[in-house]
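Here's the structure we're looking at; comments come further down.
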Amino acid sequence: MFYFLSKALDFLVMPFSIFFILCAWGLLSNNSRRRKVLLTISFCCLVLTSNSYLVNKMFNWWEFEYVNIDNVEKEYDIGIVLSGGLIGVSPLTSDHPSIGSHSDRFVQAYLLYKAGKIKKILLSGFSPEFLTVHNKGEIGQAANLLIKWGVKPEDIILETKAKNTRENAIYTSRILQSKLPSSRCLLITSSFHMKRAIACFAKAGIKAEPFPADFYGGGRILNFDNLIVPKPDALANFDLLWHEWIGYLIYKLMGYC
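The number in my numbering is simply the position in the sequence shown, starting from 1, with 2 added.
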């Protein structure tokens with residue numbers, strides 16, 4: 003139930019939904035002053051959230067700091083990779099996977115494995131049955147890629163039930179308790195998602211160290227193009243960050259992290 007309610011709330015509080023509601027309310031309002039205020043607010047919000055420089059600053063404020071692999075001093079038993087965008091969409095008849103928008107998560111896990119920083123890789127996340135029956139499940143395809151790249155099959159663990167971050171933590175905790183108790187864990191997920199993820203895993207009893215991947219923030223030159231010209235990709239990135247903020251707030255209120 004929580005899963006479906008959270009998805010419904012996602013839709014209602016997403017930037018485009020808010021912009022649309024404000025615009026529709028303004029256009030349908032019989033009060034000219036209210037119409038002007040609502041349309042102005044909607045326009046200003048749209049301009050600000052499509053500003054590359056401002057959105058980049060928001061990511062820099064929220065994301066975890068970058069960690070070099072050489073600076074990982076310990077050897078960890080498990081590198082836990084959260085799914086979601088690891089593998090891109092491809093035809094069911096294709097004989098090879100497409101890399102997804104958040105594939106850096108499992109690429110970093112591979113690099114850590116090859117560098118001897120992690121002994122095993124645990125991939126966590128759900129895939130619909132219509133994909134898994136065609137061998138198109140996300141973590142299954144990611145695992146196959148890791149094996150092709152040289153990771154030993156026995157060093158890969160799959161958790162296939164989790165539909166959200168809380169379930170990632172709960173189901174992973176059960177696997178570790180039954181198979182690898184007292185293991186040292188490195189959590190690998192997108193940097194913008196790390197704050198919620200690391201808190202969820204701590205709540206589930208897993209004291210994992212963070213290894214952020216898939217960064218959206220970074221250095222951004224202050225010029226006319228970045229500061230003035232609205233960018234569709236900035237708006238899409240803000241939508242991603244806003245979604246994470248809402249998710250973090252809900253998880254906090256529910257006591258999940």
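Glycine is no exception: its CB is placed at the ideal position from the N, C-alpha and C atoms.
CB of residue i within 8 angstroms of CB of residue j, strictly
{"i": "glutamine 143", "j": "isoleucine 208", "result": "no"}
{"i": "isoleucine 123", "j": "isoleucine 158", "result": "yes"}
{"i": "phenylalanine 203", "j": "tryptophan 64", "result": "no"}
{"i": "serine 185", "j": "aspartate 79", "result": "yes"}
{"i": "threonine 21", "j": "serine 44", "result": "The identity of residue 21 in the sequence shown is phenylalanine, whereas the question assumes threonine. Result yes, Cβ atoms of phenylalanine 21 and serine 44 sit closer than 8 angstroms."}
{"i": "glycine 219", "j": "phenylalanine 61", "result": "yes"}
{"i": "leucine 147", "j": "glycine 139", "result": "no"}
{"i": "alanine 206", "j": "serine 54", "result": "no"}
{"i": "leucine 114", "j": "valine 74", "result": "yes"}
{"i": "leucine 29", "j": "arginine 36", "result": "no"}
{"i": "serine 31", "j": "leucine 40", "result": "yes"}
{"i": "valine 15", "j": "isoleucine 248", "result": "yes"}
Three-way DSSP call (helix, strand, coil) for residue i in this model
{"i": "proline 93", "result": "coil"}
{"i": "glutamate 169", "result": "helix"}
{"i": "proline 214", "result": "strand"}
{"i": "isoleucine 20", "result": "helix"}
{"i": "isoleucine 101", "result": "strand"}
{"i": "asparagine 327", "result": "Examination of residue 327 is not possible in this model, given that the chain is present from 3 through 259 alone."}
{"i": "leucine 88", "result": "coil"}
{"i": "lysine 38", "result": "helix"}
{"i": "cysteine 259", "result": "coil"}
{"i": "lysine 138", "result": "coil"}
{"i": "leucine 229", "result": "helix"}
{"i": "phenylalanine 108", "result": "helix"}
{"i": "tryptophan 64", "result": "helix"}
{"i": "alanine 206", "result": "coil"}
{"i": "histidine 129", "result": "Checking the displayed sequence, the identity of residue 129 turns out to be serine instead of histidine. Serine 129: coil per DSSP, three-state reduction."}
{"i": "glycine 220", "result": "coil"}
Cut-off 7 angstroms between Cβ atoms - residues of its own chain near residue i, not counting five sequence neighbours on either side
{"i": "leucine 104", "result": "Here residue 104 is histidine; the residue named in the question, leucine, does not match the sequence. Excluding sequence neighbours, histidine 104 sits near Gly86, Gly87, Leu88, Ser192, Asp216."}
{"i": "phenylalanine 13", "result": "Ser19"}
{"i": "alanine 117", "result": "Ile71"}
{"i": "valine 49", "result": "Pro232"}
{"i": "isoleucine 190", "result": "Gly81, Ile82, Val83, Arg107, Gln110, Ala111, Phe213, Ala215"}
{"i": "lysine 76", "result": "Arg186"}
{"i": "alanine 199", "result": "Leu84, Thr167, Leu189, Thr191"}
{"i": "proline 17", "result": "Thr51, Phe240, Asp241, Trp244"}
{"i": "alanine 145", "result": "Leu125, Ile158, Leu160"}
{"i": "leucine 182", "result": "Asp79, Ile80"}
{"i": "isoleucine 230", "result": "none"}
Buried/exposed call for residue i, threshold 16 Cβ in 10 Å
{"i": "methionine 256", "result": "exposed"}
{"i": "aspartate 106", "result": "buried"}
{"i": "arginine 168", "result": "buried"}
{"i": "isoleucine 23", "result": "exposed"}
{"i": "glutamate 131", "result": "exposed"}
{"i": "cysteine 259", "result": "buried"}
{"i": "alanine 26", "result": "exposed"}
{"i": "proline 99", "result": "buried"}
{"i": "phenylalanine 226", "result": "exposed"}
{"i": "tyrosine 253", "result": "buried"}
{"i": "serine 152", "result": "Contrary to the premise, residue 152 reads as glycine rather than serine in this sequence. When all chains shown are included, glycine 152 counts as exposed."}
{"i": "alanine 171", "result": "buried"}
{"i": "alanine 238", "result": "exposed"}
8 angstroms Cβ shell around residue i - same chain, five flanking residues per side excluded
{"i": "phenylalanine 66", "result": "Ser193, Met196, Lys197, Pro212, Pro214"}
{"i": "tyrosine 173", "result": "Ser126, Glu161, Lys163, Ala164"}
{"i": "serine 180", "result": "none"}
{"i": "isoleucine 177", "result": "Leu124, Ile159, Glu161"}
One or two residues paired with residue i in a DSSP bridge
{"i": "lysine 122", "result": "Ile80"}
{"i": "isoleucine 158", "result": "Ile123"}
{"i": "isoleucine 190", "result": "Val83, Phe213"}
{"i": "serine 44", "result": "BP columns for serine 44 are empty, so no partner."}
is_contact[residue i, chain D] using C-beta, thresh 8 angstroms
{"i": "threonine 174", "result": "Of the protein chains in this structure there is only one, and it is not chain D."}
Contact set for residue i: own chain, Cβ-Cβ below 6 angstroms, skip 5 residues either direction
{"i": "serine 129", "result": "Gly139, Glu140"}
{"i": "lysine 121", "result": "Asp79"}
{"i": "tyrosine 250", "result": "Arg198"}
{"i": "proline 155", "result": "Ile149"}
Heavy atom of the ligand MN within 7 angstroms of residue i beta-carbon
{"i": "alanine 111", "result": "With respect to the ligand MN, the structure offers nothing, as it holds no ligand at all."}
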